[in-house]
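Okay, structure first, notes after.
Protein chains: 2
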Amino acid sequence: MRDNRISEAVISRLPKYYRYLSELEAKGTQRVSSSKMSADMGLNASQIRRDLNCFGGFGQQGYGYQVNNLKNEIKKILGIGKKYTAVVVGAGNIGQALYKYTNFAEEGYNLAAIFDADQSVVDKEIDGITVRPIEELADFVINNEVNLGVITAPKRHAQRIADELVLLGVKGIWNFAPVDVVARKGVCVENVHLSDSLFVLSYRMRTNGED
Amino acid sequence: MRDNRISEAVISRLPKYYRYLSELEAKGTQRVSSSKMSADMGLNASQIRRDLNCFGGFGQQGYGYQVNNLKNEIKKILGIGKKYTAVVVGAGNIGQALYKYTNFAEEGYNLAAIFDADQSVVDKEIDGITVRPIEELADFVINNEVNLGVITAPKRHAQRIADELVLLGVKGIWNFAPVDVVARKGVCVENVHLSDSLFVLSYRMRTNGED
DNA sequence: CCAATTTTGTTACTCATTGCAAATACCTCC
DNA sequence: GGAGGTATTTGCAATGAGTAACAAAATTGG
C-alpha cells in the first residue's frame, strides 16, 4: 500500500508466488525467507522482497514470511476467492476444455454455462455438458449476474461477442481467439494467445541460446 | 542481424506482428508503414521500427514495408514453417483440445500422437482420436523423430514427463501443467500458465485502473 | 528530371526495472 | 535478559526498455 502505481511486471509475478506458496503450504511449511524463495523459484531475492513490499510489509526481519499468511495476502491482492460467475462463449475444443476444467471452480471462478451459435452442437449433451444456444446468452448473463466472459469462438466473431458481453455488463473478458479484443474503459481484457507462446518456443528452438 | 542480443520483450512482440501481417496479407494489402502498424496495433511506431531492425533492414525509406515480404521474414525468424513433430502427453481436457486444434498443423506443427497413463482412456477412440498408452511413448518419439513435447498431464507428473522427453531427444517442451518445468541447457521450455492470466485479469477487475 | 514528401534507420534521451549494499529490526539461544 | 545472527527495509547505482527526434534515402507527382 506504499506506492499507488504497481507495475505490470510485479503483477505478472504474483501468480507465480501464489503457486509457490500454495505448494509450500501443502507441504506444511510454516515459514520461508526470500532467499529460499529465490533459490526455489529462480528469481532475485531482492526482487521478491521488493515485489511483496509493494503491498505491505508482510515479512518480519530476522524471521522471514509466514507461508500461510503471505499466501492469503497474495490471494486477496489478486482477487482470488471472490466469487466470479462466468460464461464460456464458443463450444469448440478449447471452450469445452476450459468449461470442463474444474480447477478454476476451486478458486472461486464459476464457469456457469457454455454457449455456441452452431445449431448442430446446441442443446445436445456432449460428454456430460450441455451447450446452450447463443440466443440465450443475453438472458443468462443478466439473470445470473455474470461478471466474466470467456471467449473461445473463432476469431471473426470474437470482437462482436466481446462487445455484446460488455453491453450485458460483464467486467472482464478472457479471450482465447487469436485477435486482440478491445473493450471500453472500465472493462478488463486479457488476451491469451496460445500460438504466440508456441512461436516464441519455436524461435528459441531455432536459435537455441545464442543468435 | 546487427545486435546479437535480442531481448525477450522484442521476441514476444514478433508473433503479434506476424498475426497482424497475416491479416493484411489476407486482405490483399501490398505495403504498410510503421505508422499505420502503430495505429492499428496500439504500439509505438518507433518501437516497431526498432524491433524489426533487430533482424535486418526490411523496410524501404519513403515506401514502408512490403507486407508479404515482411511477414515471411518474421515467419523465418520465428521458425514457423519448419517441420516440427510433436507428441501430446496427457489426454485430459486441455490435451485433447490442443491435439484436435488444427491451426497448429497449418503452420507446420504436427501433433502426431497423444498419450495417457490412464488405462481407461487408452486405446479407445474418443471423439475421433485414439489415445496411446504412455508405455509406447519412448518408441514413438524415437521412431518418428519427435522434436517437441506438449505436456498436458497433472502437475505432479509434469517434471518427470519432461525429463523423459528430454532424454528421448526432444528439443522443446510446451508445458501446460501448473508448474514451472525445467530442462537442461539446450532444451527450450515454454511454460503456459492459463490460471496465471486469469489471476491477473481478476486483479485488474478488482482494482480496475487505479489502486 | 527535380523538388517535395514520405518513411525508414539510428542515435540520444527519459523512464522504469532490476540488482546491490548498508542500515535496521527482530528472532533465537544461551 | 542480552548478544549474535538472520532477514527485511530502504536508498542508490546500473542496466535495460521505451519514446522522441533527426538525418538519410527512396518514392511520387508535376
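One line per chain: the protein sequences are A and B, in this order. Taking our numbering, the leading residue of the first sequence gets 15, the next gets one more, and so forth. Taking our numbering, the leading residue of the second sequence gets 15, the next gets one more, and so forth. Yeah, the Cβ is synthetic: ideal placement off N, Cα and C, and Gly gets one too.
What residue 40 (chain B) touches in chain A, judged by beta-carbon distance under 9 Å, is nothing: the nearest beta carbon there is about 11 Å away. According to the DSSP assignment, residue 196 (chain B) belongs to no beta strand (DSSP E), since it is labelled neither H nor E. Using a CB distance below 8 Å, the part of the stretch 207–219 of chain A facing chain B consists of 207, 208, 209, 210, 211, 212, 213, 214, 215, 216, 217, 218 and 219, ordered along the chain.
Distance from the CA atom of residue 82 (chain A) to the CA atom of residue 98 (chain A), rounded to whole angstroms, is 23 Å. Think of a sphere of 8 Å around the beta carbon of residue 110 (chain A): the chain B residues whose beta carbon falls inside it are 107 and 111, in chain order.
For residue 99 (chain A), the enclosing beta strand (DSSP E) stretches over residues 98–103. As DSSP reads the structure, residue 147 (chain B) sits in a beta bridge with B:130. Residue contact with chain A for residue 26 (chain B): present (Cβ-Cβ distance below 8 Å to some residue of chain A). Between residue 50 (chain B) and chain A, the shortest Cβ-Cβ separation is not below 8 Å. A direct Cα-to-Cα measurement between residue 107 (chain B) and residue 116 (chain A) gives close to 10 Å. Residue environment: residue 166 (chain B) is assigned as buried (16 or more neighbouring CB atoms within 10 Å of its CB, all protein chains considered). Under a criterion of Cβ atoms nearer than 9 Å, the residues of chain A adjacent to residue 185 (chain B) are, in order, 219 and 222.
Taking one beta carbon from each stretch, the stretch 37–48 of chain B and the stretch 206–213 of chain A have fewer than 3 pairs nearer than 8 Å; the two do not touch. Contact between residue 79 (chain B) and residue 46 (chain B) holds, since their C-beta atoms are separated by about 6 Å, short of 8 Å. Residue 101 (chain A) places its beta carbon less than 8 Å from that of residue 126 (chain A).
When Cβ-Cβ separations below 8 Å define contact, residue 200 (chain B) makes contact with chain A. Only 91, 92, 93, 94, 96 and 98 from the stretch 67–98 of chain A bring a Cβ to less than 8 Å from some Cβ of chain B.
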